[in-house]
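Read through the structure below, which is laid out as structure tokens, and then see the notes.
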Amino acid sequence: MAVLNVNGKSVQASADPRTPLLWVLRDTLGMTGTKYGCGIAQCGACTVHIDGVATRSCQVPLSATNGKKITTIEGLAQDGKLNKIQAAWLANDVPQCGYCQSGMIMAATALLAAKPNPTDADIDAAMTNVCRCGTYQQVREAIHAAAKA
Amino acid sequence: MTIQTSLGRRGFLASTTAAGAFSLGFSFPWASAQAAEVQELNAWVVIHPDDKVVIRIARSEMGQGTLTGLAQLVAEELECDWSKVTTEYPTPSENVRRNRVWKNYSTGGSRGIRESNQYVREGGAIAREMLIAAAAAEWKVPAAECKAADSKVTHSSGKSATYGQLAAAAAKLELPKEVKLKDPKDWKVAGKPLKRLDTLPKLTGQMTYGIDIKMPGMLTASVRACPVHGGKLKSFDAAKVEKMPGVKQVLSIDNNAVVVVADTYWNAKQALDKLPVEWDVGKLGEVQQDQITAMLKEGLGASEAFVGNKAGDARAAIDGAAKKVEAVYSFPWQHHVNMEPMNATARFTREKCEVWCGTQNGEAALAAAAEAAELPVAKCDVYKTILGTGFGRRGRADYVRQAVLVAKQMPGTPVKLIWSREEDMTHGTYHPTTMCKLTGGLDKDGNLVGLHVRISGQSILAALLPQNLQNGMDPAVFQGFANGGPEAAYGYTVPNLLVDHAMRNPHLTPGFWRGVNTNQNAVYMECFMDELAEAAGQDPLAFRMKMLKPKYAAVLKAATDKAGYGKPLPAGHFHGIAQIMGYGSYVAGVAEVSVSADGVLKVHKITAATDPGHVVNPAQIERQVAGSFVYGLSAALYGEITLKDGAVEQTNFDSYNVMRIDEMPKVETVLAPSGGFWGGVGEPTIAVAAPAVLNGIYKATGKRVRELPLMHQELKKGA
Numbered sequence: 003m004a005v006l007n008v009n010g011k012s013v014q015a016s017a018d019p020r021t022p023l024l025w026v027l028r029d030t031l032g033m034t035g036t037k038y039g040c041g042i043a044q045c046g047a048c049t050v051h052i053d054g055v056a057t058r059s060c061q062v063p064l065s066a067t068n069g070k071k072i073t074t075i076e077g078l079a080q081d082g083k084l085n086k087i088q089a090a091w092l093a094n095d096v097p098q099c100g101y102c103q104s105g106m107i108m109a110a111t112a113l114l115a116a117k118p119n120p121t122d123a124d125i126d127a128a129m130t131n132v133c134r135c136g137t138y139q140q141v142r143e144a145i146h147a148a149a150k151a
Numbered sequence: 015m016t017i018q019t020s021l022g023r024r025g026f027l028a029s030t031t032a033a034g035a036f037s038l039g040f041s042f043p044w045a046s047a048q049a050a051e052v053q054e055l056n057a058w059v060v061i062h063p064d065d066k067v068v069i070r071i072a073r074s075e076m077g078q079g080t081l082t083g084l085a086q087l088v089a090e091e092l093e094c095d096w097s098k099v100t101t102e103y104p105t106p107s108e109n110v111r112r113n114r115v116w117k118n119y120s121t122g123g124s125r126g127i128r129e130s131n132q133y134v135r136e137g138g139a140i141a142r143e144m145l146i147a148a149a150a151a152e153w154k155v156p157a158a159e160c161k162a163a164d165s166k167v168t169h170s171s172g173k174s175a176t177y178g179q180l181a182a183a184a185a186k187l188e189l190p191k192e193v194k195l196k197d198p199k200d201w202k203v204a205g206k207p208l209k210r211l212d213t214l215p216k217l218t219g220q221m222t223y224g225i226d227i228k229m230p231g232m233l234t235a236s237v238r239a240c241p242v243h244g245g246k247l248k249s250f251d252a253a254k255v256e257k258m259p260g261v262k263q264v265l266s267i268d269n270n271a272v273v274v275v276a277d278t279y280w281n282a283k284q285a286l287d288k289l290p291v292e293w294d295v296g297k298l299g300e301v302q303q304d305q306i307t308a309m310l311k312e313g314l315g316a317s318e319a320f321v322g323n324k325a326g327d328a329r330a331a332i333d334g335a336a337k338k339v340e341a342v343y344s345f346p347w348q349h350h351v352n353m354e355p356m357n358a359t360a361r362f363t364r365e366k367c368e369v370w371c372g373t374q375n376g377e378a379a380l381a382a383a384a385e386a387a388e389l390p391v392a393k394c395d396v397y398k399t400i401l402g403t404g405f406g407r408r409g410r411a412d413y414v415r416q417a418v419l420v421a422k423q424m425p426g427t428p429v430k431l432i433w434s435r436e437e438d439m440t441h442g443t444y445h446p447t448t449m450c451k452l453t454g455g456l457d458k459d460g461n462l463v464g465l466h467v468r469i470s471g472q473s474i475l476a477a478l479l480p481q482n483l484q485n486g487m488d489p490a491v492f493q494g495f496a497n498g499g500p501e502a503a504y505g506y507t508v509p510n511l512l513v514d515h516a517m518r519n520p521h522l523t524p525g526f527w528r529g530v531n532t533n534q535n536a537v538y539m540e541c542f543m544d545e546l547a548e549a550a551g552q553d554p555l556a557f558r559m560k561m562l563k564p565k566y567a568a569v570l571k572a573a574t575d576k577a578g579y580g581k582p583l584p585a586g587h588f589h590g591i592a593q594i595m596g597y598g599s600y601v602a603g604v605a606e607v608s609v610s611a612d613g614v615l616k617v618h619k620i621t622a623a624t625d626p627g628h629v630v631n632p633a634q635i636e637r638q639v640a641g642s643f644v645y646g647l648s649a650a651l652y653g654e655i656t657l658k659d660g661a662v663e664q665t666n667f668d669s670y671n672v673m674r675i676d677e678m679p680k681v682e683t684v685l686a687p688s689g690g691f692w693g694g695v696g697e698p699t700i701a702v703a704a705p706a707v708l709n710g711i712y713k714a715t716g717k718r719v720r721e722l723p724l725m726h727q728e729l730k731k732g733a
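Chains A and B, in that order, give the protein sequences. One gets the numbering used here by counting positions in the first sequence from 1 and adding 2 to each. One gets the numbering used here by counting positions in the second sequence from 1 and adding 14 to each.
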């Protein structure tokens with residue numbers, strides 16, 4: 003039985019220590035906001051924060067999460083209030099199907115924490131998540147809007 | 015799974031959706047609550063006592079925004095307060111039980127709005143008239159003295175009542191037989207850039223996609239089908255993995271796939287990866303990519319071909335022309351790469367089969383479930399979720415069939431079947447592969463007097479819908495080349511024209527892929543049009559304009575005007591243009607590209623114009639246009655599926671790349687609706703991205719790129 007710190011809460015998870023965090027979150031803890039897209043850290047749909055760093059959870063075994071603070075999409079809004087990125091996403095009507103957006107929002111939140119006023123080049127470098135609907139133009143606009151908010 | 019509801023005499027039974035949702039521990043954001051007080055006015059409109067309006071949406075939402083657009087059309091006629099609108103999906107089986115009152119569930123071909131606008135608007139208008147009639151009866155005044163607006167009916171005396179107050183009485187009235195629809199120029203809700211209705215749960219992780227379904231006692235299945243399409247399962251050694259952690263059952267389905275069912279997806283996948291399997295692939299296992307290329311090349315010169323469009327005598331006109339131009343293009347197989355891999359959850363008993371999934375065609379999914387379950391349709395149900403994209407792939411119900419076949423071997427246990435990305439990549443229904451030989455004849459003044467377009471290659475209909483072939487011909491192959499019609503007609507007037515198709519069908523399953531055959535047909539025609547213009551010594555725009563029919567010309571003019579075509583560009587930047595008609599809409603694009611000295615392509619901007627007749631939500635159209643270019647350019651840059659030993663070689667994003675934000679051009683959308691018809695939006699513009707970019711590349715480099723994807727092309731100067 004592993005103990006994880008997810009979204010500020012200590013939770014127990016019974017899974018093989020080699021199980022990727024993605025599947026511990028989804029299947030063991032029932033937190034399905036974090037998405038499966040590729041399983042090889044290419045698409046970014048499974049992005050969470052580990053100690054504040056945007057990380058692809060499909061490549062992090064449960065055993066490597068000991069003592070780390072994990073934040074998922076479910077943990078961004080505080081007391082029902084969306085964070086700056088989520089609020090900008092809402093105002094800019096960013097998502098289409100929405101499936102990649104959990105990862106996209108986690109990546110953008112980490113970017114803004116590291117660089118409060120990111121340039122387009124910063125966005126290009128940090129936002130490597132795949133969106134197949136093609137929301138990239140709105141993603142860029144919303145990140146700039148959140149930086150100004 | 016039952017909930018007691020009393021919904022008036024046309025009682026809404028699709029509340030099983032809500033019942034299923036609540037009893038299964040997940041909740042659709044739009045699930046209707048307090049059903050006992052809810053009033054169904056007609057199939058499309060449900061009104062709650064607190065004035066909340068539930069609009070029923072039969073088509074599937076997969077990111078294209080049709081849910082919001084259809085709700086706008088209903089709300090416009092209903093005259094309700096938009097802030098009170100929510101939506102829900104009636105189940106496909108409910109549609110069957112109610113004599114298909116919601117008509118077509120199929121969500122493909124950009125048909126969501128263009129094919130249902132009339133009856134959904136009538137649904138809203140009928141409900142409005144019933145609310146007015148209820149108020150008039152209550153007040154004992156003529157209905158003509160009452161008006162509906164903002165979810166209220168008001169009498170000229172000043173009396174007023176809310177829709178919530180009137181709904182119970184209105185629901186008892188007969189449905190009016192005829193209603194008058196508003197002129198689009200009077201629209202207040204439709205036609206406006208409203209935000210989508212379903213955004214918030216996508217920002218917080220609360221949206222339930224098919225892959226997120228949870229149920230008590232549910233198990234998860236991982237599947238591996240024969241890597242060669244059409245191959246069979248020979249044997250597998252279940253004993254080798256049965257004792258692995260979490261494994262509940264190891265089984266086969268349809269004699270072509272093995273499945274491990276376990277407590278979690280990870281445990282199922284781990285065991286499946288270690289499961290020894292032998293396949294029987296026969297001769298198909300010897301098929302290599304160069305054989306496919308040879309097969310298509312042979313078709314380019316074949317004497318027999320299906321004729322899709324013909325005027326005059328193209329061959330004679332070309333033979334007699336002052337100048338002859340010829341080129342051969344080719345287009346590879348491409349994968350959909352839906353963000354959410356294929357999945358479905360099924361629960362089977364001998365009395366009932368239920369499926370939860372994202373599908374582009376709920377009724378096809380229901381039929382597939384019934385067939386796989388060997389139960390009557392009346393004993394089956396499909397509960398639709400939002401799709402983590404569809405792009406045509408989720409119109410096919412093969413994954414639904416698989417989930418039911420697994421659940422059938424474990425009666426009573428809900429089983430969620432998830433394809434790995436590798437399974438998804440290798441078992442797609444791929445954008446068909448074709449080649450095209452174009453031959454044009456110019457007279458001494460540079461006019462196009464004859465054109466022969468020979469397409470050789472794969473037919474989607476032959477593989478998936480053979481009943482739709484016309485004497486063996488696949489009419490869909492000619493999208494964009496059709497001789498008239500409201501769907502995908504050829505835009506140029508050419509006195510002598512022949513467009514024909516030598517059907518060549520390799521074994522890899524083709525399928526509908528956003529834009530379908532307009533993608534390659536636009537590359538073939540629009541790139542060759544630039545080749546012809548050059549041979550004629552004319553500007554590509556002017557050359558096209560001489561031959562384009564009015565609506566095509568207008569939209570191309572709108573795009574080129576906005577882009578500043580012909581005006582100076584930054585040093586090293588070049589414009590390429592393209593146009594087509596698809597899905598009932600006229601579209602054109604201008605790509606601004608540069609190619610660096612070492613051959614690096616950059617697409618700076620695409621300016622796109624679209625004439626879809628009517629505009630239901632301009633903000634969502636802009637998003638669809640920009641999104642279509644991400645999809646189209648991804649394919650143009652990287653999209654290529656190849657065969658080795660009969661099987662697909664690409665397995666995941668590392669071997670099948672897609673565009674990220676750093677390659678995204680700025681997209682500017684020009685809406686040029688000319689009214690009087692309803693065209694689609696999700697697909698039409700995709701087709702102009704690749705040819706506009708390729709035409710720009712030629713101007714930048716002098717290289718005609720006639721094969722995709724671009725990643726294989728050397729664009730360096732002098733190379």
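A virtual CB, placed ideally from N, CA and C, is assigned to each residue, including glycine. For clarity, every value in this text was computed on a predicted model and none was experimentally measured.
According to DSSP, is B:L265 helix, strand or coil? strand
**Report entry** B:Q634 in three-state terms, based on DSSP
**Finding:** helix
- prompt: When you compare only the Cα positions, how much space is there between B:S688 and B:P425?
  reply: 56 Å
Problem - Amino acids of chain B, ordered along the chain, whose beta-carbon sits closer than 9 Å to that of A:A112 - result: None at all; the shortest Cβ gap to chain B is about 15 Å.
- Mind checking who B:N357 pairs with in its DSSP beta bridge? B:I432
Opposing strand residues paired with B:H445 [DSSP bridges]
B:Q348
Inset, instruction - Say whether chain B places a C-beta atom closer than 8 Å to the C-beta of A:V8. - result: no
Report task. Mind checking the region 209-233 of chain B against chain A and listing, in chain order, the residues whose C-beta falls within less than 9 Å of any C-beta there? Result -> K209, R210, D212, T213, L214, P215, K216, L217, T218, G219, Q220, M221, T222, Y223, I225, D226, I227, K228
(Q) Do B:V272 and B:L289 count as a contact pair if the criterion is CB distance below 8 Å? (A) yes
Within chain A, partners of B:I675 - CB distance below 7 Å = I125, D126, M129, Y138, V141, R142
Is the Cβ-Cβ distance between A:T30 and A:A47 less than 8 Å?
no
As an exercise, report each continuous beta strand (DSSP E) stretch of at least 3 residues that is fully enclosed by the region 226-276 of chain B, in chain order. 233-239, 246-250, 261-267, 271-276
What residue ranges within the region 275-305 of chain B form continuous alpha helix (DSSP H) runs of no fewer than 4 residues, ordered along the chain?
279-288
Under 8 Å by Cβ, that's how I've got B:I620 and B:A701 pegged, so tell me the actual separation to the nearest angstrom. About 12 Å; that fails the 8 Å criterion.
>> Under 8 Å, CB to CB, which of the residues in the region 68-83 of chain A have a partner in chain B?
In response: T74, I75, E76, L78, A79
Next item on the list: State yes or no: is the C-beta of B:M678 within less than 8 Å of the C-beta of B:V644?
Entry: yes
Just list the residues that DSSP pairs B:G322 with in beta bridges. DSSP output for B:G322 lists no bridge partner at all.
Check: Under three-state DSSP, which class holds B:Y597?
Finding: coil
Item to complete: Please classify B:S249: is it buried, with 16 or more other beta-carbons within 10 angstroms of its beta-carbon, or exposed?
Response: exposed
For B:T532 and chain A, any beta-carbon pair shorter than 8 Å? no
What is the DSSP secondary structure of B:N482, counted as helix, strand or coil? helix
Quick check: is the beta carbon of B:D668 nearer than 8 Å to any beta carbon in chain A?
yes
**Message:** Residues of chain B with CB closer than 8 Å to the CB of A:A47, please, in chain order.
**Reply:** M353
Q) Nearest to B:L195 by alpha carbon, out of B:L479, B:L92, B:A184, B:A316? A) B:L92
| query | I think B:V684 touches B:A605, with their Cβ atoms under 8 Å apart; what is that distance to the nearest whole Å? | reply | Not quite, the Cβ-Cβ distance comes to about 14 Å (not below 8 Å), so this is no contact.
Next item on the list: For B:A336, I'd like the list of residues in its chain whose CB is within less than 7 Å of its CB, leaving aside the five on either flank, ordered along the chain.
Entry: L456, D457, K458
(Q) For B:Q374, tell me which candidate among B:R361, B:I71, B:R114, B:H628 has the shortest Cα-Cα distance. (A) B:I71
What number of angstroms, rounded off, separates the C-alpha of B:P83 from the C-alpha of B:I474? Residue 83 of chain B is actually Gly in this sequence, not Pro. Their Cα atoms are separated by approximately 29 Å.
Report task. Identify every residue that forms a DSSP beta bridge with B:C394. Result -> B:C367
For the ligand ADP, is there any heavy atom lying closer than 7 Å to the beta carbon of A:Q139? This structure lacks the ligand ADP; in fact it carries no ligand of any kind.
As a quick exercise: from B:H521, B:Q86, B:Y343, B:P524, pick the residue whose alpha carbon is nearest that of B:E540.
B:Y343
- Query: Straight-line CA distance for B:K262 to B:L286?
  - Reply: 12 Å
Original post:
Based on the DSSP secondary-structure assignment, which residues constitute the bridge partners of B:R468?
Top reply: B:K451, B:D514
Q: Select from B:I635, B:G205, B:T447, B:K571 the residue whose C-alpha is nearest the C-alpha of B:L522.
A: B:T447
- Query: Is there contact between the region 295-303 of chain B and the region 470-489 of chain B, where contact requires at least three CB pairs shorter than 8 Å?
  - Reply: no
**Prompt:** Does any C-beta atom of chain A lie closer than 8 Å to the C-beta of B:P509?
**Reply:** no
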